[in-house]
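*Asks:* Converting from the sequence shown to the numbering used here requires adding 6 to each position, the first position being numbered 1.
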Amino acid sequence: MPPGITTLAADAPELSAANTGFMLICSALVMLMTPALAFFYGGMVRVKSTLNMLMMSFISLGIVTVLWVLYGFSLAFGTDVGSVIGWSSDFVGLSGIGVTELWDGYTIPVYVFAVFQMMFAILTPALISGALADRVKFTSWALFIALWVTVVYFPVAHWVWGAGGWLFEMGVIDFAGGTAVHINAGAAALGVILVIGKRVGFKKDPMRPHSLPLVMLGAALLWFGWFGFNAGSWLGNDDGVGAVMFVNTQVATGAAVLGWLAYEKIRHGSFTTLGAASGAVAGLVAITPAGGAVSPLGAIAIGVIAGVLCAMAVGLKYKFGYDDSLDVVGVHLVGGVLGSLLVGFFATGGVQSDAKGLFYGGGLEQLGKQAVGVFAVLAYSLVVSAALAFVLDRTIGMRVSEDDEVSGIDQVEHAETAYDFSGAGGGSASRTTPAPGATAAPTNKKVDA
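Dropping the structure here:
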């Protein structure tokens, strides 16, 4: 994603209604991705956790929106301070920005750039929530979001995309968020789950998705919204780079679905809907940093590689014993690492920049830069996120009680349930009082909800 670039007055761009309208639409598409993620995650958990999973994503829309306006935009995209953070008083509260003031070097208003980036900031902590399903206090989660975006997301966004940020200046390519969004969120998820521990019954009780149609709906909406996420990250339509990214987004995602399903069929003997949805997300994640630097053939390769390796990676939690509830580490961390590193192999030098990967005669230089970006963000997010979770766990507590987790976090934290089986339409199985002359059915059957 290109940061602001200062231009000569004679070359200063003018506001483009077309690019401005396009970016507002892209911003709306990225906003849609957060409730889409809520549906995707919500369908993957058990019935008793559905609403909590939806809310863990939805609350990010409220918290991060306010923090972004107050100081987040300034920290991420303000004037560089030491190559690690930004700050501009005019961006605080978005109070010193003119209505038609343009983002430096581009034809869209600062307000449009700010709201587009806001949607990225909202989505990123919501991604973390899938690793923590079934067991985290909602108040603690809300506080974690506020702290995490402040000390992790805003600085990392400046490193990667901000003018003067040290990874940007190094030449690390991250078109739309492989490091700043997906590696950042995946590493944070791993750090937090190492602190808070496993769900009750992990590796013992069945924890199957309660609604695969909901999962597929969420995945489809994510795929749709991702076109705004990726193609919009070029901030305009003037040179065709955004169009290449749009094509590569579709191509890589389709290839990843095929790669995941092929692995699944060979390894487990079936083509599953959950696998198709997960493969799509893996492809979307992997192409996010790379799609503006590679050809469509390169996008196919990246998609297949991500589909297969992410499918393999989701099983690592059983091998190593960490409870990544909905495979945030296996899909977002692994997919983000793959997509970011594969730039160093497949970059053609003919799309967003002249940087070439190993397969196009560029040697190992770009791969080395990508590796620095990947491991710097991974290490920082992992350590700081674990520290935040540790402090919260030792003060206000991160987890609900074991009894509350077993009985259902929806009722405990939200005083609601996702599905009401006691009213009209519930069927005979929902009766609490037998009909006249009928014998009540036994109620001691254990049901995994």
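Even glycine gets a Cβ: it sits at the ideal position worked out from N, Cα and C. Owing to the predicted nature of the structure, the values given are computational and were not obtained by experimental measurement.
Run through DSSP, which three-state label would D416 get?
*Replies:* Helix, per DSSP.
*Asks:* Please report the residue range of the alpha helix (DSSP H) in which P161 lies.
*Replies:* It spans 160 to 167 - the alpha helix (DSSP H) in which P161 sits, taken as one unbroken run.
*Asks:* Does the segment 346 to 364 come within contact of the segment 285 to 299, defined as at least 3 CB pairs closer than 8 Å?
*Replies:* These segments touch.
*Asks:* Taking only the alpha-carbon atoms, compute the straight-line gap between L38 and A226 and give it to the nearest angstrom.
*Replies:* Roughly 11 Å separates the two Cα atoms.
*Asks:* Please return the same chain residues whose Cβ sits closer than 8 Å to the Cβ of L388, not counting the five positions on each side in sequence.
*Replies:* Excluding sequence neighbours, L388 sits near A193, A194, L196, G197.
*Asks:* Can you give me the C-alpha to C-alpha distance between T85 and A169, rounded to a whole angstrom?
*Replies:* The straight-line gap from Cα to Cα measures roughly 8 Å.
*Asks:* Give the single residue among V310, D244, H274 whose Cα lies nearest to the Cα of G260.
*Replies:* Among V310, D244, H274, the Cα nearest to that of G260 belongs to V310.
*Asks:* Considering only DSSP beta bridges, list what V250 is partnered with.
*Replies:* According to DSSP, which records beta bridges pairwise, V250 is partnered with nothing at all.
*Asks:* Could you have a look at I91 and say whether DSSP puts it in helix, strand or coil?
*Replies:* DSSP places I91 in strand when its eight states are reduced to three.
*Asks:* Mind listing, in chain order, the continuous beta strand (DSSP E) runs of no fewer than 3 residues lying wholly within the segment 300 to 376?
*Replies:* Runs of the beta strand (DSSP E) inside the segment 300 to 376: none found.
*Asks:* I'd like to confirm the pairing. Which residues does DSSP put opposite L108 in its beta bridges?
*Replies:* DSSP lists P115 as partners of L108.
*Asks:* Within the same chain, show all residues whose beta-carbon is closer than 8 Å to that of T145, passing over the 5 residues directly before and after it, in chain order.
*Replies:* Cβ neighbours of T145 beyond the five flanking positions: I402.
*Asks:* Since I believe L223 is in contact with L129 (beta carbons under 8 Å), could you give me their beta-carbon distance rounded to a whole number of angstroms?
*Replies:* With 8 Å as the limit, L129 and L223 do not qualify as a contact, their Cβ atoms being about 17 Å apart.
*Asks:* What is the rounded straight-line gap between the Cα of P115 and the Cα of G275?
*Replies:* Cα to Cα, P115 sits roughly 52 Å from G275.
*Asks:* Which residue marks the beginning of the alpha helix (DSSP H) containing P212, and which one marks its end?
*Replies:* No alpha helix (DSSP H) holds P212; DSSP gives it neither H nor E.
*Asks:* So, are the CB atoms of A319 and V340 less than 8 Å apart?
*Replies:* In contact: A319 and V340 (Cβ atoms closer than 8 Å).
*Asks:* Take the Cβ of Y366 as the centre, count every other Cβ of all protein chains shown within 10 Å, and call the residue buried at 16 or more, exposed below.
*Replies:* The residue is buried, with at least 16 neighbouring Cβ atoms inside 10 Å.
*Asks:* Is DSSP giving R405 helix, strand or coil here?
*Replies:* Residue state, collapsed to three classes: strand.
*Asks:* Closer than 6 Å by C-beta to K143: which residues in its own chain qualify, once you throw out the five before and the five after it? Chain order, please.
*Replies:* Excluding residues within five positions, the ones whose Cβ falls inside 6 Å are V406.
*Asks:* Residues bridged to V142 by DSSP?
*Replies:* V142 is bridged to R405.
*Asks:* Can at least three beta-carbon pairs, one atom from the segment 262 to 276 and one from the segment 328 to 335, be found at a separation below 8 Å?
*Replies:* No, the segment 262 to 276 does not touch the segment 328 to 335.
*Asks:* Measure from the alpha carbon of V90 to the alpha carbon of each residue in V187, V72, Y159, then state which is nearest.
*Replies:* Of the candidates V187, V72, Y159, the one whose C-alpha sits nearest the C-alpha of V90 is Y159.
*Asks:* Given that a residue counts as buried once 16 or more other Cβ atoms are within 10 Å of its Cβ, and exposed if not, what is D426?
*Replies:* Classification of D426: exposed, given that the 10 Å Cβ count is below 16.
*Asks:* Compare the beta carbon distance of V390 and V343 with 8 Å and say whether it is the shorter of the two.
*Replies:* No, the pair does not count as a contact, with Cβ atoms beyond the cut-off.
*Asks:* Near K204, which residues of its chain fall below 7 Å by C-beta distance, leaving aside the five closest residues on each side in sequence?
*Replies:* These residues qualify, in order along the chain: D329.
*Asks:* Name the two residues that bound the continuous alpha helix (DSSP H) containing W172.
*Replies:* Run containing W172: 172 to 176, per the alpha helix (DSSP H) assignment.
*Asks:* Alpha carbon to alpha carbon, what distance is there between V118 and G177?
*Replies:* The alpha-carbon atoms of G177 and V118 are separated by roughly 25 Å.
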